[in-house]
Amino acid sequence: GTGGSGVGSGSTGGGGGGGGGGAAALCASKDLSFSTTLQDKKGEDPRHILITATNVGERECSVHHYPYVYLGDHTDARYPVDVYEDSAMEEPVTLAPGDEAYSAMLAGGIPMDQYETDFFTLFLHGREHGSDSSDGREPISVDLPRTVAFDDGARLTHWTTASGFALDFIMSS
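Under the numbering used here, the letters of the sequence shown match residues 19 to 191, in that order.
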């Protein structure tokens, strides 16, 4: 193959993608590693979180829509964190091995009914909007750098390859 750096924004159009069938396979949990970083200044309450998914597999795969994030253990959570619908990209995010996708999460800003946790449970979306773990995806436990207080104002973005694009949605809040 011809390498290439993968930096910048994705291109549109259906050029030649060497692997028959067009769209990349869905990323499975085993294809990805997840990490979180706080985007707040030292001394500030942690409210702005960047979720990073790295393709640790040996093939290209794609993540669709946004992650389903349940605070703490998904079996105890009532519902997933809401999404910024206007953060949607045109296409699924396709990751070559080593590439990263980002979703930015705001812990909220309503200091009532807070839920403190140092981890969340993530499920990957299927191709169809609204599809979830019922089609065989297992829960992925992701640690936060420290305990964060979430509230009903919690929101997250769709997956993107541009961390700055994702962070723009939450840093103004």
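Just so it is clear, CB atoms sit at the ideal spot from N, CA and C, and this is done for glycine as well.
Whole-angstrom distance between residue j and residue i, CA atom to CA atom
i, j, result
"E62", "M189", "13 Å"
"E118", "A46", "14 Å"
"T93", "K60", "33 Å"
"D169", "R155", "27 Å"
"A41", "H143", "15 Å"
"L162", "T54", "6 Å"
"G148", "D58", "31 Å"
"A180", "F187", "12 Å"
Start and end residues, beta strand (DSSP E) containing residue i
i, result
"S47", "Where S47 is concerned, there is no enclosing beta strand (DSSP E), given that its DSSP letter is neither H nor E."
"I188", "Premise fails: I188 lies in the alpha helix (DSSP H), S181 to M189, not in any beta strand (DSSP E)."
"M123", "E118 to L124"
"I67", "H66 to N73"
"S80", "C79 to V81"
"L142", "Note, L142: premise wrong, no beta strand (DSSP E); not H, not E."
"T112", "V111 to L113"
Residue i versus the options, residue with shortest Cα-Cα distance
i, options, result
"D136", "H143, A125 and R145", "A125"
"T112", "F183, D49, F187 and L174", "D49"
"E146", "S80, A180, V87 and L162", "S80"
"D104", "R96, G116 and H83", "H83"
"N73", "F52, L162 and P64", "F52"
"E76", "R65, G116 and A180", "G116"
"E108", "L185, Y97, T178 and A184", "T178"
As assigned by DSSP and simplified to three states, the class of residue i
i, result
"D169", "coil"
"E134", "strand"
"D91", "coil"
"D58", "coil"
"D161", "strand"
"D63", "coil"
"Y102", "coil"
Beta-carbon proximity of residue i to residue j, cut-off 8 Å
i, j, result
"L68", "Y120", "yes"
"V101", "L89", "no"
"L16", "A114", "This structure leaves residue 16 out entirely; the chain is present only between 19 and 191."
"F141", "P157", "yes"
"A172", "E134", "no"
"A71", "H176", "no"
Below-8 Å beta-carbon distance, residue i vs any chain C residue
i, result
"Y120", "No chain C is part of this structure, which consists of one protein chain only."
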